[in-house]
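Notes follow once the structure below has been shown.
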Amino acid sequence: MSLLVALTWEPKPWVDRFKRLLPDRDIVVLGEDFDRNAVRYVATWGPKPGSLSGLPNLEAIFSLGAGVDHLMSYPDLPDVPIVRVAQDDLTYRMSEYMVLHCLMYLRDQRRFDEDQKAKRWKPDRAPPIAGDVRVGIMGFGVLGQDSARKLKMMGFDVAGWSRTAKDVEGFQVYAGEEGLTPFLNRTDILIALMPLTPDTQGILNRSLFEKLARDGRLGGPILINAGRGKLQVEADILACLDNGTLKAATLDVFETEPLPEDSPFWTHPQVTVTPHNSATSEPDATARYIAQQIRRHEAGQPFDAVVDKQRGY
Ligand code: NDP
Ligand code: OXD
């Protein structure tokens, strides 16, 4: 019985961890010789076409990340459960990122960085406090809700938006098409934490940005996208930064990754770029999570965090 590691990056750190955590299994690697009949599980990120096919005894596919858009486009996806990462290590990293960036805008930190470079002493005499700032989180799932709780702890006025209506204690949650405009109208900092699906592709566009609140304390609406790059229309973000529809943006994900050297985002004074690492799948925690899921399954319990292939997330 074996676990196949099928990655687009160096597999060794993952193989070593799986061998340690699952000493009773064979850990095999895509690209090397292995018995396809023996493979019960695949741990993968961005599998190449053909790599998941011809595995007759496959029982589950583990995505090494929370998002599964890299799998949804796989041709002839095997008919087995897809299990994604939904665990505290990754979730808490994302919340750290959101708290960091919301506070950075609240406290106007980028201006103070510039002032320091210029040796300019220019305190702000009436800065807003977190309670003056309305954060709206698009995608109110595992990551969105944890970020919401931590931002609320800092005092921000937080609401969520999701595909389906839900009750989440302590938060107003808007839902669906009809909830979108009122949600945007009350939002100063827009956080995108949605999966990439046919419904969400290009959703972060000019007409959406134009609905954000214009009466907030930060001097204009701010976008933070750590969901997926293809949620955003990058030409619209640039145009909206230039005409004042957006005041600033923090982007962790991009239409093309790595971000091309000639992208204007690298040097745009109102943009903060991070290299798709707002919440990394740390190998120790992620391998432990997958090993635990395999043991649960073999003890007759259901997998956690199974993807709904119909919805695409
Ligand atoms: P979840 O599945 O737990 O949550 C997704 C949320 O998005 C849900 O609230 C869902 O609504 C909502 N959603 C999905 N489709 C729509 C839609 N069409 N309209 C409105 N809302 C929608 O996912 P996670 O929170 O775990 O992760 C979210 C995404 O974050 C991942 O898919 C991945 O792309 C990204 N990510 C990025 C990382 C990075 O490093 N940049 C790291 C990890 C994840 P509902 O609740 O109604 O189903
Ligand atoms: C993920 C990611 O989906 O790292 O986990 O983007």
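Going by this note's numbering, the sequence shown opens with residue -9, and the numbers climb by one from there.
Every residue, glycine too, gets a C-beta built ideally from N, C-alpha and C.
Query: C-alpha gap between G206 and A116, whole angstroms; Result: 14 Å
Query: Any non-hydrogen atom of ligand 1 closer than 8 Å to P292 Cβ; Result: no
Query: Helix, strand or coil at W4 according to DSSP, with G and I counted as helix; Result: helix
Query: DSSP beta-bridge partners of M128; Result: W151, A182
Query: For M128 and R163, the rounded distance between their alpha carbons; Result: Correcting the residue identity first, residue 163 is Val in this sequence and not Arg. In a straight line, the C-alpha of V163 is about 10 Å away from that of M128.
Query: Paired residues, beta bridge with W35 - DSSP; Result: L(-3)
Query: Neighbourhood of F173 by C-beta, 6 Å cutoff - its chain only, sequence neighbours within 5 removed; Result: G126, W151, Y164
Query: Burial state of G304 (16 or more Cβ within 10 Å); Result: Since the displayed the chain opens at -9 and closes at 303, residue 304 lies outside it and no answer follows.
Query: Contact test: V75 Cβ vs ligand 2 heavy atom, cutoff 8 Å; Result: yes
Query: T240 in three-state terms, based on DSSP; Result: strand
Query: Alpha-carbon spacing of R301 relative to A281, whole angstroms; Result: 26 Å
Query: T187 Cβ short of 8 Å to ligand 2 heavy atom set; Result: no
Query: beta-carbon S63 near ligand 2 non-hydrogen atom, thresh 8 Å; Result: no
Query: Distance, P3 Cα to M94 Cα; Result: 34 Å
Query: Reduced DSSP category for A281 - H, G, I as helix; E, B as strand; rest coil; Result: helix
Query: DSSP beta-bridge partners of D16; Result: S(-8)
Query: Closest by C-alpha distance to V160, when choosing among D178, D147, L(-7), A28; Result: The amino acid occupying residue 160 in the given sequence is Gly; Val does not appear at that position. With distances taken between Cα atoms, G160 lies closest to D147.
Query: Integer Cβ distance of I72 from L61, believed to fall under 8 Å; Result: 6 Å
Query: DSSP three-state assignment for L48, whether helix, strand or coil; Result: coil
Query: Top-ranked residue by Cα proximity to V223, from V243, A277, G210, L208; Result: V243
Query: Residue environment, N267, which counts as buried when at least 16 other CB atoms sit within 10 Å; Result: exposed
Query: L221 beta carbon near ligand 2 (any heavy atom closer than 8 Å); Result: no
Query: Through-space distance from S43 to A28, alpha-carbon basis; Result: 13 Å
Query: Exposure of D23, with buried meaning 16 or more beta-carbon neighbours within 10 Å; Result: exposed
Query: Outcome for R101 when other beta-carbon atoms lying within 10 angstroms are tallied against a minimum of 16; Result: exposed
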